[in-house]
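Report on the following structure.
Numbering (my numbering), first residue to last: 571 to 760.
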């Protein structure tokens, strides 16, 4: 287990060996869905639930994993640059709001950061928070996610696992190793 935290009424974990965790089929989209239990063929990059003792999660290897918590719901979001650009966090908040809920807490897991994540010039059209070093552009998925979360709820409480997935060899990184290995970030309402 790379990380484990127990909070008042929910638990968060990061592992390479998930057990009994619902994982959607991720498609690098902005789709977030509500689920009540294990369901097959769910294509999405975010899931929320209000079911107690039911783990939901997402897999990452450089994209930013985000756990959201509202009064009665939890959510797990896989936010790559495409998802961040296409509004996956806004869509997650809209889904929470459809249940008259608003996330008040977010956990931001390890992901590609500006120390290592070099991107192309087209990113100038997508994001403002880019770092320039020797005429090269670098992007920080955590920083962008934090900015978007604060724009959606200025009072949101954040817990950030400030680690670059590319730098830290304990964490799977597609950019570093071209690996198929993934870490799973999960949340469970208790």
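Using N, Cα and C, we set each Cβ at its ideal position, and we do this for glycine too.
For residue i, three-class secondary structure by DSSP
| i | result |
| --- | --- |
| residue 736 | coil |
| residue 744 | helix |
| residue 675 | strand |
| residue 553 | Given a span of 571 to 760 for the chain in the structure shown, any question on residue 553 remains unanswerable. |
| residue 663 | helix |
Continuous alpha helix (DSSP H) stretch holding residue i: start and end
| i | result |
| --- | --- |
| residue 653 | 651 to 655 |
| residue 608 | Careful: residue 608 lies outside any alpha helix (DSSP H) and carries neither H nor E. |
| residue 593 | Counting along the chain, residue 593 falls outside any alpha helix (DSSP H), and DSSP gives it neither H nor E. |
| residue 641 | Residue 641 -> no alpha helix (DSSP H), and no H or E assigned at all. |
Beta-carbon gap between residue i and residue j smaller than 7 Å
| i | j | result |
| --- | --- | --- |
| residue 701 | residue 580 | no |
| residue 634 | residue 711 | yes |
| residue 627 | residue 591 | yes |
| residue 599 | residue 615 | yes |
| residue 757 | residue 646 | yes |
| residue 742 | residue 732 | no |
| residue 675 | residue 727 | yes |
| residue 744 | residue 696 | no |
| residue 617 | residue 605 | yes |
| residue 721 | residue 649 | no |
Segment limits, beta strand (DSSP E) that includes residue i
| i | result |
| --- | --- |
| residue 618 | 616 to 619 |
| residue 524 | The chain is shown only over 571 to 760; residue 524 falls outside these bounds and no answer can be derived. |
| residue 756 | 753 to 759 |
| residue 626 | 625 to 630 |
Per DSSP, the bridge partner or partners of residue i
| i | result |
| --- | --- |
| residue 728 | 676 |
| residue 601 | According to DSSP, residue 601 bridges with nothing at all. |
| residue 585 | 754 |
| residue 573 | 584 |
| residue 634 | 649 |
Problem - Those runs of the beta strand (DSSP E) which lie wholly inside the segment 677 to 719 and span at least 3 residues - result: Note on the segment 677 to 719: whole beta strand (DSSP E) runs with a minimum of 3 residues are 700 to 703 and 706 to 709, in chain order.
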